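Chains as they are written, first to last, in the working numbering: chain A, 11 to 375; chain B, 11 to 375; chain C, 11 to 375. Glycine included, each C-beta is placed from N, C-alpha and C at the ideal position. Keep in mind the model is a prediction, meaning the values are calculated, not measured. Down below is the structure, laid out as structure tokens.
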Amino acid sequence: MFVKNAWYCAGWDFMVSQGKNALLARQLAGERVVLYRKPDGAVVALEDRCPHRQAALSLGAKEGDSLRCMYHGMKFSPEGQCTEVPGMTRIPDRACVRPFPVVERENWIWVWMGDPALADPGLIPVSVGYSHPDWNMKTSQMHVAANYRLEIANLADLSHLAWVHQKSLGGDDAETRTRYTNIKAQYTVLPRGLRTEYEVRSVPAPNFLRHLFPAEARFDLSFDITHTVPCTWVLHFQAFVADGKEEGAPTGDPVANTMTCQAVVPNDADSVEYYFSWGSHKDFDFPGLSDLLREVLDVAFLEDAHVLEAQHLRVTEKPDHPQVALVHDVGPTKMLKVLDKLLAEEQLAAAAPATPAKQRGAVAA
Amino acid sequence: MFVKNAWYCAGWDFMVSQGKNALLARQLAGERVVLYRKPDGAVVALEDRCPHRQAALSLGAKEGDSLRCMYHGMKFSPEGQCTEVPGMTRIPDRACVRPFPVVERENWIWVWMGDPALADPGLIPVSVGYSHPDWNMKTSQMHVAANYRLEIANLADLSHLAWVHQKSLGGDDAETRTRYTNIKAQYTVLPRGLRTEYEVRSVPAPNFLRHLFPAEARFDLSFDITHTVPCTWVLHFQAFVADGKEEGAPTGDPVANTMTCQAVVPNDADSVEYYFSWGSHKDFDFPGLSDLLREVLDVAFLEDAHVLEAQHLRVTEKPDHPQVALVHDVGPTKMLKVLDKLLAEEQLAAAAPATPAKQRGAVAA
Amino acid sequence: MFVKNAWYCAGWDFMVSQGKNALLARQLAGERVVLYRKPDGAVVALEDRCPHRQAALSLGAKEGDSLRCMYHGMKFSPEGQCTEVPGMTRIPDRACVRPFPVVERENWIWVWMGDPALADPGLIPVSVGYSHPDWNMKTSQMHVAANYRLEIANLADLSHLAWVHQKSLGGDDAETRTRYTNIKAQYTVLPRGLRTEYEVRSVPAPNFLRHLFPAEARFDLSFDITHTVPCTWVLHFQAFVADGKEEGAPTGDPVANTMTCQAVVPNDADSVEYYFSWGSHKDFDFPGLSDLLREVLDVAFLEDAHVLEAQHLRVTEKPDHPQVALVHDVGPTKMLKVLDKLLAEEQLAAAAPATPAKQRGAVAA
């Protein structure tokens with residue numbers, strides 16, 4: 011169901027403060043995780059489940075570097091080792107809670123849900139945080155009651171900007187619809203994701219920006235998207251005055267240069283948390299622009315949620331309903347194939363008999 | 011669970027207007043259906059499930075006679091054929107959505123949930139709509155969290171007017187109780203339902219009307235009910251000044267002549283939508299009467315819902331709990347037997363091996 | 011899942027008044043029960059399920075000593091025998107509803123959920139009601155969405171007063187924590203429960219009372235707890251001025267002498283109703299004290315509910331998650347073992363083939 015050996019976003023760094031009660035409870039890929047920040051600033055992630063009788067550690071208390079379960083007072087180090095059981099001198103052998111590797115990068119907190127030995131920070135999706143000096147990123151978040159595979163398919167094909175987002179990110183005019191539904195993308199399958207590059211030529215400004223330009227203004231839009239398992243989606247989006255050409259890199263005057271970073275995090279099979287940002291490069295920013303970009307994402311992702319939640323309900327009702335393939339499925343199919351390949355590999359590894367070679371591998375890991 | 015080859019009521023005609031966004035989403039016998047009205051006024055019903063990836067068509071847009079899915083822009087004719095896929099020149103073979111036969115009759119919209127070849131409008135239950143020139147019908151609706159079989163049993167035996175509806179449709183006096191619990195009905199089993207006729211003799215006015223008459227007034231009540239699968243219930247109800255007789259057609263002065271039309275529509279196994287009306291023949295109407303009839307049904311069906319929802323909970327908990335048969339079960343048993351016979355026939359037909367004879371039958375159908 | 015042959019608390023006596031509509035609907039150990047009070051004051055408990063078609067008898071009406079189902083008017087004696095079916099002269103053979111033995115004691119209503127022949131009032135847990143002449147008991151109640159086994163474990167080990175209840179019943183100071191987490195209890199396993207006796211020496215007053223005493227005041231606390239299946243918990247709690255000793259009966263001046271009676275009643279596997287009281291012996295009472303005791307239980311049991319509901323969620327998610335044993339499990343383990351022994355005995359009896367000996371036993375029972 012979920013790739014375990016992957017980095018899952020647990021939210022923005024400001025969600026885990028030095029506050030006395032700043033214990034962040036999350037569900038990540040079906041697992042309950044509690045996050046907190048040590049006095050030195052490092053973030054700790056532990057399974058949110060006391061090894062005694064499964065009390066929620068997120069109802070506990072921070073104590074120096076440690077986390078104390080407030081049911082019976084067991085104290086755990088950031089590594090998940092029990093260091094104190096009030097009333098006992100000897101700490102039981104198995105009194106430990108599963109720790110998860112954590113990395114903060116670009117204002118996002120990343121948790122590795124699989125084998126810690128495989129937790130390579132190099133696998134963390136590249137993104138741009140709100141603290142980045144060159145970009146004016148604005149952040150937001152949303153809960154969506156849909157399986158994350160539906161979100162993947164949604165993000166891997168932007169033709170829906172002409173329909174779902176006709177009033178916000180896209181448009182309901184014939185040019186926008188024609189251009190968006192005829193995108194010719196260049197796909198590069200990555201070991202853990204998909205890069206998608208394309209231009210949309212000679213379109214009016216998206217609906218939410220159209221009032222800023224003359225009616226006859228046309229733009230060339232450039233998309234460079236990196237989609238990573240489970241579902242981190244980073245888009246470098248640029249706009250240029252349309253140069254009248256149909257191919258090649260746009261040569262018109264640059265109008266906008268923006269980044270949007272989006273992490274869709276499966277809680278379980280039926281819902282996701284969505285952490286997203288959008289912002290302008292500071293060279294192209296002007297007062298209110300980046301706030302507007304964030305604002306339109308709030309609107310647009312509610313439009314998506316409306317569609318995806320109804321779709322999730324129907325897919326859940328009829329999981330085996332026949333499907334019809336469209337040209338727009340190319341991106342979604344490629345990205346879901348990457349996901350399914352990783353899922354299959356993990357299942358195969360889990361099912362494999364323990365051969366000496368494998369045992370060595372496990373030890374090495 | 012549900013008879014497929016039957017007409018299901020999707021509500022009143024005014025629920026499907028020419029409004030731009032007037033797409034009506036319904037669950038009928040477990041299936042999701044979207045209804046809309048074409049410019050020529052005809053109502054269309056399609057499965058509310060895009061053949062691409064199960065997006066809700068009810069979140070789409072009307073476009074002339076067609077319905078466009080607003081996820082990826084697929085356009086469907088009223089017959090469910092895909093006529094356009096933006097971005098594609100060739101329409102995939104299986105790109106169609108299931109259409110359902112629809113008929114409007116007496117202000118109700120009827121949808122046939124089974125084999126379209128069998129959709130005989132002659133099977134639509136006879137009723138009286140709010141536009142009927144002779145009757146002053148008033149309409150209402152209710153959601154009830156109970157299986158529709160419990161509603162069938164409720165409607166097929168009106169002895170409960172003396173108990174559930176003692177404050178509304180019935181009465182808590184000894185005469186009402188005695189008369190209603192000793193009803194001798196004449197039953198006529200129909201191919202798809204049950205006709206039930208009887209008189210209730212020499213009773214006080216029902217509680218909600220009692221203030222209109224002297225305390226000693228007694229009436230003979232005449233009931234003529236047609237109950238149709240799945241659960242449409244039409245009652246011609248008349249009242250006469252009691253003639254003191256125990257048998258035969260009432261001969262006293264007529265006091266009331268009313269029709270009530272009720273469609274109990276299973277959404278799924280756990281709830282129904284209830285569309286109902288009550289009104290007086292215009293020859294017997296006076297200001298406020300028909301409004302009062304509608305008003306008391308709102309009260310009475312909340313009384314029923316209270317009982318049926320608690321019953322549904324208990325039946326769901328203990329589906330195999332032993333039952334005791336009462337004399338009042340005659341009507342419910344007859345009507346449920348009609349339902350079960352149709353269900354069994356459909357199951358048998360579905361399970362039958364495809365013999366040449368059967369294949370011919372299928373083609374003929 | 012539930013011991014059947016046991017007394018289950020259905021609430022306080024004032025919940026079953028002589029009111030016309032005073033029909034109390036309960037779930038006890040998974041069974042639906044309706045309770046009402048006869049004109050002579052005796053309380054009747056019947057299965058809340060009409061034998062006809064499972065209508066809720068709790069939506070019925072009291073009629074003298076009897077209960078009338080208000081769906082079709084069937085009337086039941088306090089013994090569950092049907093005595094009238096309106097419209098029928100002969101009452102069907104199996105027209106009866108299961109009666110449950112009921113006893114009122116100390117303002118609590120007790121219902122026996124198993125074989126009536128085994129319903130020995132001597133098995134009712136000893137408690138002190140709000141009408142008791144010597145104690146000023148105050149009552150309250152709470153719903154908790156947790157399995158009752160988690161409540162048993164919670165009540166059978168009070169070391170959590172130093173953690174869960176640090177702001178209310180316990181304290182967050184080092185002395186309180188040390189003393190509460192090093193309790194040496196004396197356990198006496200009873201046929202249907204567990205008696206637990208211990209002292210907590212030289213601790214500050216519990217947090218909710220601390221403002222009443224000088225900061226340096228220390229107390230010896232005496233606990234005498236009787237825990238009974240399924241989960242009735244009665245504590246005789248006394249406080250004395252600390253005598254400086256570590257062992258033996260406290261010899262300091264008595265400061266408080268209280269009783270708290272608590273019945274945790276499983277509705278089903280996922281929730282309990284909690285009826286509880288706390289009060290001072292009248293010789294030690296002063297204005298507002300007993301109200302304060304009741305008040306702090308409302309606070310403290312919300313603290314517990316917060317912990318137990320999160321724990322219940324996690325245990326439900328991972329029922330087979332490994333557990334670590336702590337010294338604090340001694341009480342919980344003993345009490346759950348008593349429960350499990352009774353459960354196993356009942357399962358064994360239910361599964362046993364009917365031998366002549368057993369049949370005699372059943373007859374004798």
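If we count Cβ pairs, one from each stretch, closer than 8 angstroms, do we get three or more for the segment 164-175 of chain A versus the segment 77-91 of chain B? yes
Determine, using beta carbons only, whether Val173(C) comes closer than 9 angstroms to chain A. For the sequence presented, residue 173(C) should be read as Trp rather than Val. With 9 angstroms as the cut-off, Trp173(C) counts as an interface residue toward chain A.
So Asp103(C) is in the beta strand (DSSP E); what residue range does that whole segment cover? Counting along the chain, Asp103(C) falls outside any beta strand (DSSP E), and DSSP gives it neither H nor E.
Excluding the 5 residues flanking Arg228(B) on each side, which residues of the same chain have their C-beta closer than 6 angstroms to its C-beta? Ser212, Ala252
Alpha-carbon spacing of Val306(A) relative to Phe218(A), whole angstroms: 7 angstroms
Which residues in the same chain as Ile101(C) place their Cβ atom closer than 6 angstroms to its Cβ, once the five residues preceding and following it in sequence are excluded? Only Cys92, Val95 meet the Cβ criterion.
Look at the alpha carbon of Thr268(C) and the alpha carbon of Trp17(C), and state the distance between them as a whole number of angstroms. 25 angstroms
Interface residues of chain A facing Thr191(C) [CB-CB closer than 7 angstroms]: Gly83, Pro96, Gly97
is_contact[Glu256(C), chain A] using C-beta, thresh 9 angstroms: no
Counting only Cβ-Cβ distances shorter than 7 angstroms, please list the residues of the segment 39-73 of chain A near chain C, keeping chain order. Hits within the stretch, in order: Arg42, Arg59, Pro61, His62, Arg63, Gln64, Ala65, Ala66, Leu69.
Exposed or buried, what is Gly132(B) when buried is set at 16 or more other beta-carbons lying within 10 Å of its beta-carbon? exposed
Among the candidates Pro214(B), Phe247(B), Pro201(B), Arg189(B), whose CA atom is the shortest distance from the CA of Ala225(B)? Nearest C-alpha to Ala225(B): Pro214(B).
Kindly indicate which residue of Asp278(C), Pro276(C), Ser300(C), Thr270(C) has the alpha-carbon position closest to the one of Phe286(C). Thr270(C)
Start and end of the alpha helix (DSSP H) containing Met345(C)? Bounds of the alpha helix (DSSP H) holding Met345(C) are 340-361.
Strictly under 9 angstroms for the Cβ-Cβ distance: is Arg36(A) near chain C by that measure? no
Taking Cβ positions, are Leu45(B) and Ile119(B) nearer each other than 9 angstroms? yes
With DSSP as the reference, label Thr261(B) as helix, strand or coil. coil
How long is the line joining the alpha carbons of Gln37(C) and Asp280(C), rounded to whole angstroms? 12 angstroms
Taking only beta-carbon atoms, is Pro102(C) less than 9 angstroms away from chain B? yes
Element boundaries [alpha helix (DSSP H), containing Asp234(B)]: Careful: Asp234(B) lies outside any alpha helix (DSSP H), inside the beta strand (DSSP E) at 229-238.
If you measure from the beta carbon of Ala320(A) to each beta carbon in chain B, is any gap under 9 angstroms? yes
Cut-off 6 angstroms between Cβ atoms - residues of its own chain near Leu179(B), not counting five sequence neighbours on either side: Cβ neighbours of Leu179(B) beyond the five flanking positions: Leu171, Pro216, Ala310.
Closer than 9 angstroms, CB to CB, is Pro363(A) near chain B or not? no
Val26(B) versus Ala315(B) - alpha carbon distance: 26 angstroms
Mind pulling the chain A residues with CB within less than 7 angstroms of Asp147(B)? The sequence shown places Met at residue 147(B), not Asp. Those do not exist, as Met147(B) stays about 34 angstroms from chain A at its closest Cβ, beyond 7 angstroms.
Name the one or two DSSP bridge partners that Ser281(C) has. Asp278(C)
Which two residues bound the contiguous alpha helix (DSSP H) that contains Leu160(A)? 158-165
Does the separation of the CB atoms of Val112(A) and Phe86(A) fall below 9 angstroms? no
Suppose contacts are defined by Cβ-Cβ distances below 9 angstroms. Is Glu356(B) in contact with Val138(B) by that definition? no
Those runs of the alpha helix (DSSP H) which lie wholly inside the segment 29-81 of chain C and span at least 4 residues: none
When you compare the CB of Cys241(A) with every CB in chain C, is at least one pair closer than 9 angstroms? no
So, with DSSP's three-state summary, where would you put Glu218(C)? Before going on, a small fix: residue 218(C) reads as Phe here, not Glu. Three-state DSSP puts Phe218(C) in a helix.
Ignore the nearest five residues each way along the sequence and tell me which others in Ala335(C)'s own chain have a CB closer than 6 angstroms to its CB. none
Extent of the continuous alpha helix (DSSP H) run through Phe312(A): This sequence places Leu at residue 312(A); Phe is not what is there. First-last of the alpha helix (DSSP H) with Leu312(A): 299-327.
Is there a C-beta anywhere in chain B that falls below 9 angstroms from the one on Ala105(C)? yes
Spatial distance of Lys72(A) from Gln151(A) (CA atoms): Counting only the Cα atoms, Gln151(A) lies some 26 angstroms from Lys72(A).
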